[in-house]
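Residue numbers (my numbering): 10 to 293.
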């Protein structure tokens, strides 16, 4: 939610508290509007920072106290309304932090449902959602984009020879290399097992070749330094108009398997919407 809308919510909360205080004062102490004070507190707690909700809670307590005193209510001791105000403030604080914690838990749950636990990149579901959003944008503002499909050659050997912990370390290292060697606008996803994809907006075939060769180079260096018995097969497809994501992923997957059939450890590029196919680039 943008900053202006959050400020409007806070302002609405303040005005609503003022309205309730006036209503409390005009109707007298015999009628209670206490539950309505929770509305701005809950609203600000949910949509804004907790600190703002604390301010609204204090404002609500003071407004309630002033309305109670000025409406003609008489107490046997002046300490009683102050005590009641402290109790109301405590109740408001409990509601404030309860709502804020519930929101934090829901946001973390939402994030965990979209992030791959092992590699800390987007999972398959999140990758498809984000990539489809970008493709929809391309349909309105045409620009080239590229999808790279990356598969680890001989990954099973790592698990069988070095153990599953080493396999997990390899996957995490691959994800970190992808994050470190791509742009902030690029979308990285683990599609399953040892297969990853990178969606690169506003990237034509020449830019894609430069970027993917760089990624392949750094991945290969990481493999050599860790002495992993693996390599990488990559299929890269560039598109110049909005296309169905599933079809592009399938085409990039086919390119990747074509690399494997040709001996693994290489890259194949293809331009969608034309018959042109860039030559295979094989690296050892």
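The beta-carbon is built from N, C-alpha and C at its ideal position, and this holds for glycine as well.
Check whether the Cβ of residue 260 lies closer than 6 Å to any heavy atom of the ligand ZN, and answer yes or no.
-> Annotation note on the ligand ZN: not contained in the displayed structure, which lists no ligands.
Would you mind working out which of 89, 75 and 22 sits nearest residue 56, comparing C-alpha positions?
-> For the purposes of this step, residue 56 is taken as the residue at position 47 of the chain shown. Comparing Cα-Cα distances from residue 56 to each of 89, 75 and 22, the minimum goes to 22.
Is the segment 60-71 close to the segment 90-98, with three or more CB pairs under 8 Å?
-> yes
Which whole-angstrom value is the C-beta distance of residue 43 and residue 105, which I expect to be below 8 Å?
-> By one-based count along the chain shown, residue 43 stands at place 34. By one-based count along the chain shown, residue 105 stands at place 96. At roughly 16 Å, the Cβ-Cβ gap does not stay under 8 Å, so residue 43 and residue 105 are not in contact.
Select from 204, 24, 130 and 38 the residue whose C-alpha is nearest the C-alpha of residue 258.
-> In the chain shown, residue 258 corresponds to position 249, counting from 1. Per the Cα distances, 204.
Who are residue 209's beta bridge partners in DSSP?
-> As a first step, residue 209 must be located in the chain shown, where it is residue number 200. BP columns for residue 209 point to 155.
May I ask you to report which of helix, strand or coil DSSP gives residue 242?
-> Locating residue 242 in the chain shown gives position 233, counting from the first residue. Reduced to three states, the DSSP call for residue 242 is strand.
First through last residue of the beta strand (DSSP E) which encompasses residue 171 | Counting from 1 along the chain shown, the entry for residue 171 is found at position 162. Unbroken run through residue 171: none, as it is neither H nor E.
Please determine, among 197, 81 and 113, the residue with the shortest C-alpha to C-alpha distance to residue 158.
-> In the chain shown, the residue the question calls residue 158 occupies position 149. Per the Cα distances, 197.
Would you check if the distance between the CB atom of residue 265 and the CB atom of residue 229 is smaller than 7 Å?
-> Locating residue 265 in the chain shown gives position 256, counting from the first residue. Locating residue 229 in the chain shown gives position 220, counting from the first residue. Result no, Cβ atoms of residue 265 and residue 229 do not sit closer than 7 Å.
Using the Cα positions of residue 126 and residue 110, report the straight-line distance between them to the nearest angstrom.
-> Residue 126 sits at position 117 when you count from the first residue of the chain shown. Residue 110 sits at position 101 when you count from the first residue of the chain shown. Rounded to the nearest angstrom, the two C-alpha atoms are 22 Å apart.
Residue range of the unbroken beta strand (DSSP E) whose run includes residue 199 | Mapped onto the chain shown, residue 199 falls at position 190. Start and end: 196-201.
Residues of its chain near residue 291, where Cβ-Cβ distance is below 6 Å and the 5 sequence neighbours each way are ignored | By one-based count along the chain shown, residue 291 stands at place 282. At residue 291, the pLDDT of 42 sits below 50, so the modelled position is not reliable and the matter cannot be decided from this model.
Quick one: residues in its chain with C-beta nearer than 6 Å to the C-beta of residue 139, no 5 flanking neighbours on either side, listed in chain order?
-> Here residue 139 refers to the residue found at position 130 of the chain shown. 196.
In angstroms with no decimal places, state the Cα-to-Cα distance between residue 156 and residue 24.
-> Locating residue 156 in the chain shown gives position 147, counting from the first residue. Locating residue 24 in the chain shown gives position 15, counting from the first residue. Each residue's alpha carbon lies about 50 Å from the other.
Chain-order list of residues whose beta-carbon lies under 8 Å from that of residue 281 (same chain, five-residue window excluded) | For this step, residue 281 is matched to residue 272 along the chain shown. Closer than 8 Å at the Cβ level, and outside the excluded window around residue 281, lie 246, 247, 248, 249, 252, 257 and 260.
Would you call residue 35 buried or exposed, if buried means 16 or more other Cβ atoms sit within 10 Å of its Cβ?
-> Position 26 of the chain shown, counted from the start, is the residue given in the question as residue 35. Result: exposed.
Buried or exposed: residue 132, going by 16 or more other Cβ atoms within 10 Å of its Cβ?
-> As a working note, residue 132 is residue 123 in the chain shown. So residue 132 ends up on the buried side.
Environment of residue 54 [buried if 16+ CB atoms lie within 10 Å] = The residue labelled residue 54 in the question sits at position 45 within the chain shown. Buried, by the Cβ-count rule.
Thinking just about the alpha-carbon of each residue, which of 210, 200, 183 and 182 is nearest to the one in residue 192?
-> Here the question's residue 192 lines up with position 183 in the chain shown. Comparing Cα positions, the closest option is 210.
With a threshold of 16 other CB atoms inside 10 Å of the CB of residue 289, please say whether the residue is buried or exposed.
-> Position 280 of the chain shown, counted from the first residue, corresponds to residue 289. Because the pLDDT at residue 289 is just 43, under 50, the model does not fix this residue reliably, and the value given afterwards should be weighed accordingly. So residue 289 ends up on the exposed side.
Endpoints, beta strand (DSSP E) assigned at residue 280 = In the chain shown, counting from the first residue as 1, residue 280 sits at position 271. Note, residue 280: beta strand (DSSP E), 275-280.
Just to confirm, are residue 184 and residue 128 a CB contact at a threshold of 7 Å?
-> For the purposes of this step, residue 184 is taken as the residue at position 175 of the chain shown. For the purposes of this step, residue 128 is taken as the residue at position 119 of the chain shown. Yes. Within cutoff.
Between residue 273 and chain B, is there a C-beta pair that is closer than 7 Å?
-> Absence of chain B from the displayed structure is noted, only one protein chain being present.
What do you reckon, are the CB atoms on residue 163 and residue 239 nearer than 7 Å?
-> The residue labelled residue 163 in the question sits at position 154 within the chain shown. The residue labelled residue 239 in the question sits at position 230 within the chain shown. Result yes, Cβ atoms of residue 163 and residue 239 sit closer than 7 Å.
In whole angstroms, what is the alpha-carbon distance linking residue 135 and residue 39?
-> Position 126 of the chain shown, counting from 1, holds the residue named residue 135. Position 30 of the chain shown, counting from 1, holds the residue named residue 39. Spanning the two alpha carbons is a distance of roughly 54 Å.
Mark residue 29 as exposed unless 16 or more other C-beta atoms lie within 10 angstroms of its C-beta, in which case mark it buried.
-> Residue mapping note: residue 29 aligns to position 20 of the chain shown, counting from 1. It is buried - the Cβ of residue 29 has at least 16 other Cβ atoms within 10 Å.
Could you check the C-alpha separation between residue 124 and residue 84 for me, to the nearest Å?
-> Here the question's residue 124 lines up with position 115 in the chain shown. Here the question's residue 84 lines up with position 75 in the chain shown. Approximately 57 Å between the Cα atoms of the pair.
Can you tell me whether DSSP reads residue 25 as helix, strand or coil?
-> To locate residue 25, count along the chain shown from 1; it is residue 16. Correct three-state label for residue 25: helix.
Look at the Cβ atom of residue 27, then the Cβ atom of residue 80, and state whether they are nearer than 7 Å.
-> Start at 1 with the first residue of the chain shown, and residue 27 comes out as number 18. Start at 1 with the first residue of the chain shown, and residue 80 comes out as number 71. Taking 7 Å as the Cβ cut-off, residue 27 and residue 80 do not qualify as a contacting pair.
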